[in-house]
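Protein chains in written order, with the UniProt record's numbering: chain A, 1 to 96; chain B, 1 to 196.
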């Protein structure tokens, strides 16, 4: 399966707040980060939790500067995210 | 975030589903408890400690561990395949410049096979919500004061991988054997809330 977001890709997370189970933590919504590596392929937990059929798809370790998540902090947070939660960031979007 | 499930309706629902499965012959009475017991019986922080000690004494093993942990840990007789499916393991190594710490902000995902059942504080909302925002402050409360020039990376187990920190080898341990090194490694060290 092709790697949709190779390491180094800058991605922005989805902003929506879906009903029911999701694995995109609230604090990481709408933020720009950088893909570290792919963390395998897995059925989307959101769909599985609703009892729906779901195919495995890419999951990624995405590194966010704390400032991009919380507006403060000098550390990084790596969040593990399904590709459904991600789109490529616009070129001018730089992790702050 | 979800809180304590022990007395919630979900426990009653799980028991109900279990009894339905048993009444339809899909599950032997007590089978789930037996399987959980079997799974937990092999899970102890001594497993993670053995991995760390091997990594400290064998640079080739360290490389393999950081590249493909699931394959590497088989070299020391361990596996992430003890549950219903093999879980992906990601090992992150502390260095003089970077310190790693593990959390699950969504629930309490944790590598039970390598670390045993998780400590109570790991599942607490205080740890889960605070360590992503202020890891330096939380680590200080654990007694781990990190210099400002050491970068901190927090790993949130928000999907299917499980994480283990490879602590730095303590100074002055050159003469120790691998079993002696194993005895130095603590569960907190493997989560990242202590140095070793």
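Note that beta-carbon positions come from the ideal geometry of N, C-alpha and C, so glycine has one too. Quantities reported herein were computed from a predicted structural model and do not represent experimental measurements.
Check, Outcome
"Taking the beta strand (DSSP E) that residue 60 of chain A belongs to, which residues open and close that run?", "56-65"
"If residue 52 of chain B and residue 75 of chain A are in contact, beta carbons under 8 Å, what's the gap, nearest whole angstrom?", "The pair is not a contact, with the Cβ atoms about 23 Å apart (cut-off 8 Å)."
"Less than 8 Å between the CB atoms is what I'm expecting for residue 84 of chain B and residue 162 of chain B, so what's the real figure, rounded?", "Not confirmed; about 14 Å, so no contact."
"Measure the C-alpha to C-alpha separation of residue 33 of chain A and residue 92 of chain A and round it to an integer number of angstroms.", "13 Å"
"Quick one: what does DSSP say residue 89 of chain B is sitting in, helix, strand or coil?", "strand"
"Across which residues does DSSP place residue 164 of chain B in a beta bridge pair?", "B:91"
"Where in the segment 22-47 of chain A do unbroken runs of the beta strand (DSSP E), each at least 3 residues long, occur, reported from the N-terminal end onward?", "32-43"
"Cβ of residue 162 of chain B less than 8 Å from any chain A Cβ?", "no"
"For the segment 41-48 of chain A against the segment 25-32 of chain A, are there 3 or more C-beta pairs whose distance is under 8 Å?", "no"
"Run the CB neighbour count on residue 121 of chain B, radius 10 Å, all protein chains shown included, and call it buried at 16 or more, exposed below.", "exposed"
"Less than 7 Å between C-beta atoms, sequence neighbours within five positions excluded: which residues of the same chain meet that for residue 87 of chain A?", "11 and 12"
"Is any beta-carbon of chain B found at less than 8 Å from that of residue 87 of chain A?", "no"
"Report the residue ranges of all beta strand (DSSP E) runs contained in full by the segment 125-170 of chain B; include only those spanning at least 3 residues, in chain order.", "151-156 and 162-166"
"Short of 8 Å Cβ to Cβ, which residues in the segment 91-110 of chain B face chain A?", "105 and 106"
"Under DSSP, the alpha helix (DSSP H) around residue 14 of chain B begins and ends at which residues?", "9-23"
"So, with DSSP's three-state summary, where would you put residue 92 of chain A?", "coil"
"Any idea which residues DSSP pairs residue 86 of chain A with across the strands?", "A:13"
"Please go through the same chain and pick out, in chain order, the residues whose beta-carbon is closer than 8 Å to the beta-carbon of residue 20 of chain A, but skip the five residues on each side of it.", "46, 49 and 50"
"Mind checking which residues open and close the beta strand (DSSP E) that includes residue 98 of chain B?", "98-103"
"Under 6 Å Cβ to Cβ from residue 243 of chain B, same chain only, skipping five residues before and after it: list those, please.", "Since the first and last residues shown for chain B are 1 and 196, residue 243 of chain B lies out of range."
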